[in-house]
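These protein sequence lines map, in sequence, to chains A and B.
Using this note's numbering, read the first sequence as starting at 292 and increasing by one per residue.
Using this note's numbering, read the second sequence as starting at 292 and increasing by one per residue.
Number of protein chains: 2
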Amino acid sequence: MKNKKRTTIYDIAEKLNITASSVSRALNNSNYVNENTKKLILKTAEELNYKRNTLASNLRKGHSKTIGIVVPRINQNFFSNVIAGIEEATYQKDYNLIICQSSESQNKEIKCVNTLINQHVDCIVISVSVDGTDYQHLQNVLDHGIQLIQFDRVADELETLKVINDNEQASFEAVSHMIEQGYKRISLLEGPQNLQIFRQRKIGYLNALKKYDLPIIDELIVENAWTKELGAEATRKLLSLSEPPDAIFASTSDFSALGVLEVATAMGFKVPSQLGICGYSNEAFTELTSPSITTIDQFSSYMGKTIANLYFQEMENKEEIEVVPKIISIKPKLIIRSSTKKNGD
Amino acid sequence: MKNKKRTTIYDIAEKLNITASSVSRALNNSNYVNENTKKLILKTAEELNYKRNTLASNLRKGHSKTIGIVVPRINQNFFSNVIAGIEEATYQKDYNLIICQSSESQNKEIKCVNTLINQHVDCIVISVSVDGTDYQHLQNVLDHGIQLIQFDRVADELETLKVINDNEQASFEAVSHMIEQGYKRISLLEGPQNLQIFRQRKIGYLNALKKYDLPIIDELIVENAWTKELGAEATRKLLSLSEPPDAIFASTSDFSALGVLEVATAMGFKVPSQLGICGYSNEAFTELTSPSITTIDQFSSYMGKTIANLYFQEMENKEEIEVVPKIISIKPKLIIRSSTKKNGD
DNA sequence: TTGTATTCTGCAATCGATTGTCGAAATTAT
DNA sequence: ATAATTTCGACAATCGATTGCAGAATACAA
Numbered sequence: 292m293k294n295k296k297r298t299t300i301y302d303i304a305e306k307l308n309i310t311a312s313s314v315s316r317a318l319n320n321s322n323y324v325n326e327n328t329k330k331l332i333l334k335t336a337e338e339l340n341y342k343r344n345t346l347a348s349n350l351r352k353g354h355s356k357t358i359g360i361v362v363p364r365i366n367q368n369f370f371s372n373v374i375a376g377i378e379e380a381t382y383q384k385d386y387n388l389i390i391c392q393s394s395e396s397q398n399k400e401i402k403c404v405n406t407l408i409n410q411h412v413d414c415i416v417i418s419v420s421v422d423g424t425d426y427q428h429l430q431n432v433l434d435h436g437i438q439l440i441q442f443d444r445v446a447d448e449l450e451t452l453k454v455i456n457d458n459e460q461a462s463f464e465a466v467s468h469m470i471e472q473g474y475k476r477i478s479l480l481e482g483p484q485n486l487q488i489f490r491q492r493k494i495g496y497l498n499a500l501k502k503y504d505l506p507i508i509d510e511l512i513v514e515n516a517w518t519k520e521l522g523a524e525a526t527r528k529l530l531s532l533s534e535p536p537d538a539i540f541a542s543t544s545d546f547s548a549l550g551v552l553e554v555a556t557a558m559g560f561k562v563p564s565q566l567g568i569c570g571y572s573n574e575a576f577t578e579l580t581s582p583s584i585t586t587i588d589q590f591s592s593y594m595g596k597t598i599a600n601l602y603f604q605e606m607e608n609k610e611e612i613e614v615v616p617k618i619i620s621i622k623p624k625l626i627i628r629s630s631t632k633k634n635g636d
Numbered sequence: 292m293k294n295k296k297r298t299t300i301y302d303i304a305e306k307l308n309i310t311a312s313s314v315s316r317a318l319n320n321s322n323y324v325n326e327n328t329k330k331l332i333l334k335t336a337e338e339l340n341y342k343r344n345t346l347a348s349n350l351r352k353g354h355s356k357t358i359g360i361v362v363p364r365i366n367q368n369f370f371s372n373v374i375a376g377i378e379e380a381t382y383q384k385d386y387n388l389i390i391c392q393s394s395e396s397q398n399k400e401i402k403c404v405n406t407l408i409n410q411h412v413d414c415i416v417i418s419v420s421v422d423g424t425d426y427q428h429l430q431n432v433l434d435h436g437i438q439l440i441q442f443d444r445v446a447d448e449l450e451t452l453k454v455i456n457d458n459e460q461a462s463f464e465a466v467s468h469m470i471e472q473g474y475k476r477i478s479l480l481e482g483p484q485n486l487q488i489f490r491q492r493k494i495g496y497l498n499a500l501k502k503y504d505l506p507i508i509d510e511l512i513v514e515n516a517w518t519k520e521l522g523a524e525a526t527r528k529l530l531s532l533s534e535p536p537d538a539i540f541a542s543t544s545d546f547s548a549l550g551v552l553e554v555a556t557a558m559g560f561k562v563p564s565q566l567g568i569c570g571y572s573n574e575a576f577t578e579l580t581s582p583s584i585t586t587i588d589q590f591s592s593y594m595g596k597t598i599a600n601l602y603f604q605e606m607e608n609k610e611e612i613e614v615v616p617k618i619i620s621i622k623p624k625l626i627i628r629s630s631t632k633k634n635g636d
């Protein structure tokens, strides 16, 4: 694959005996070029199969019409849906997406962010990795004059644009629903508490217990049970307690809820009559398990569109107004399925 | 968000009273710069929070260390896994990924490809959209000296690098398996026949019937049933036939297999005893339905890595050897689950 | 001290597109 | 026909990093 020489505006100019400036103007549809020459230039460009060199153009213009995205995992449903949503909205405005995955490692996340800064992206959209504690690299993005939008998993101490879900409210509703169904000893599988989303979900859980005057039982709250395997392991322990829970809220993900379901079934617990289960995220499979799993839908693709639109909106104001940190909160929706229908309605 | 001026090598040069050349050399770890000045430059770069402008660098160097990817849908399991695989392999070599989705429209696909050409990507990795018939835009990629790798859904008439699954063989094995389980009237849900993958799957099906001396029954072969809805619709018709099939091979996707399962269950057909079902792709949910669905795993993430490595390998040879069209075929694996266990082993 | 080799550094061109400035040509007004 | 105005296109600088070439500085040997 030898690198054939590509036609440039100079080639077009030379062929027509004019200067590159005119070619550039014609290609950018400027008025300051004769209608006829413009047509001629366009025709010649077509003939020579000319393609603009975006690199050169961006270098000159000082921006790249590119948005960088950093997520923990590209192939996780929630994230790929958000990305698809962003893509849809940005595509129309001729923006490109550069996508990186941090693989849940802050080290890699930092490298990704640096690459994106080097690339002169106009905006970085990020959902931070699970092991993050320090956010200097995000501050750095801001220092370079690059727009930064955090979503879902956000570093709350950083004042940036944020698009999040109302985790606390969703969690509160989910647990309230379970209580209303008659569950009394509801266990919480919680995620790493350095992430705001997991803290908020816990608060929602606690608030619901409080509202219904249920006691907080420490042995029913399990830290760090946020994968299928960890969820399964936690369930094994919980269901072996002298007083096991009658419901488990896998606030971390549907995957951990799936772990719960499998272990519970294997141990002979009937779902939902003996054990209620609620997950988080509305992964496609939650509809297909038996019983189907109650969960929370985060409107992931809509979230992506929201992120993109937020960016465009901020761009329009960029000259006039000093950027204020803005937070858009999307209200997730509780999807009630069989796994929590103790009443059997 | 005002665009703060970023530090350049000139800023560093000025501060140290040297020229930008030396700074550049130091940053690229060239030998032709004094050890001490090199250290000083590196230190100053750090202090000024210097970040290389990749745009300028790439423009000068004539390549972008970027790979463009075009897939029908980012958020489809198979594709997002392939992308994740590519990302993993390319990340280590400091390559970036620009990702586009064609949304199954060839028009958008063409636009995406053009954007990527403009971006001077070094390689384009593509799985074509379902409505594709003309592949001039892919030829154009080649004409611009850009490496082109097709995967999964490939335009077979174009001589490029390809990474595909052995669809024919996989399909043959799946149908053979069903026949061996005792199914005799096996229906085929086929995908749009302009795509090679679907043609190959049909051939595999036909070959299996032939091998076992089963007749080809036209009314059991349904065109264009490649979504969940179309699969469901097709099943409704099939199961209403005077002589309905005793098995359905949803060669298009697991989604259509899911449609089959739901309709069959609703119509009172027992799976697998009265009706066998086999899907394609090994989507996560196939394990979770009841009964779980027999399907074919395509090693998607491995496929991604293979694609990336193929590119790097070709790059190494690029000077010496003329590029020959090369096809890497990955053998998918039949995953036998409950939905085809007529024998009940 | 002179000569040769080696290490370092600066100059200037280059990648391709864009854009402010200025003068020439064409058009309109007087 | 002359002046005033508009339209058009060329020139050259610019974006930031890289690199071939040449010359300066230093080290070392004779």
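Backbone N, C-alpha and C define an ideal beta-carbon position, used for all residues, glycine too.
Short CB-CB distance (under 8 Å) between residue i and chain A
i	result
B:Thr-580	yes
B:Ser-467	no
B:Gln-441	no
B:Glu-337	no
B:Gln-383	no
B:Glu-395	no
B:Ser-355	yes
B:Asn-456	no
B:Glu-464	no
Residue i, DSSP secondary structure in three states
i	result
A:Ile-612	Annotation note: pLDDT 49 at A:Ile-612 (below 50); position unreliable, coordinate value reported separately. It is coil, neither helix nor strand.
B:Leu-479	strand
A:Asn-308	coil
B:Val-445	coil
B:Asp-588	strand
B:Lys-384	coil
A:Lys-632	coil
A:Phe-369	helix
A:Gly-686	Since the displayed chain A opens at 292 and closes at 636, residue 686 of chain A lies outside it and no answer follows.
B:Val-513	strand
B:Tyr-301	helix
Min CB distance residue i to chain B below 8 Å
i	result
A:Arg-343	yes
A:Ser-425	The amino acid occupying residue 425 of chain A in the given sequence is Asp; Ser does not appear at that position. Not closer than 8 Å to any Cβ of chain B, the Cβ of A:Asp-425 fails to qualify, so no.
A:Ser-371	yes
A:Asp-302	no
A:Ala-575	yes
A:Asp-588	no
Inter-residue spacing [alpha-carbon to alpha-carbon] between residue i and residue j
i	j	result
A:Asn-608	A:Tyr-602	10 Å
A:Gly-423	B:Lys-296	29 Å
B:Ser-348	A:Ser-348	13 Å
A:Ile-507	A:Leu-486	22 Å
B:Ala-538	A:Ser-629	29 Å
A:Ala-265	A:Asp-413	Since the displayed chain A opens at 292 and closes at 636, residue 265 of chain A lies outside it and no answer follows.
B:Met-469	B:Asp-385	46 Å
A:Lys-632	B:Gln-460	45 Å
B:Ala-317	A:Val-466	59 Å
B:Ile-584	B:Leu-625	11 Å
A:Ile-374	B:Ile-512	37 Å
A:Leu-480	A:Gly-359	33 Å
B:Gln-441	B:Val-432	12 Å
Exposure of residue i, with buried meaning 16 or more beta-carbon neighbours within 10 Å
i	result
B:Ala-525	buried
B:Asn-456	buried
A:Gly-495	buried
A:Ala-446	buried
A:Ala-557	exposed
Closest residue to residue i among the options (Cα-Cα distance)
i	options	result
A:Ala-548	A:Gln-565, A:Asn-573 and A:Leu-532	A:Asn-573
B:Gly-522	B:Asp-447, B:Ala-499 and B:Leu-552	B:Leu-552
A:Gln-438	A:Asn-398, A:Lys-356 and A:Ser-396	A:Lys-356
B:Thr-451	B:Ile-621, B:Pro-535, B:Val-615 and B:Lys-622	B:Val-615
B:Glu-448	B:Val-513, B:Gln-427 and B:Asn-458	B:Gln-427
A:Gly-436	A:Ile-415, A:Val-419, A:Ser-420 and A:Lys-453	A:Ile-415
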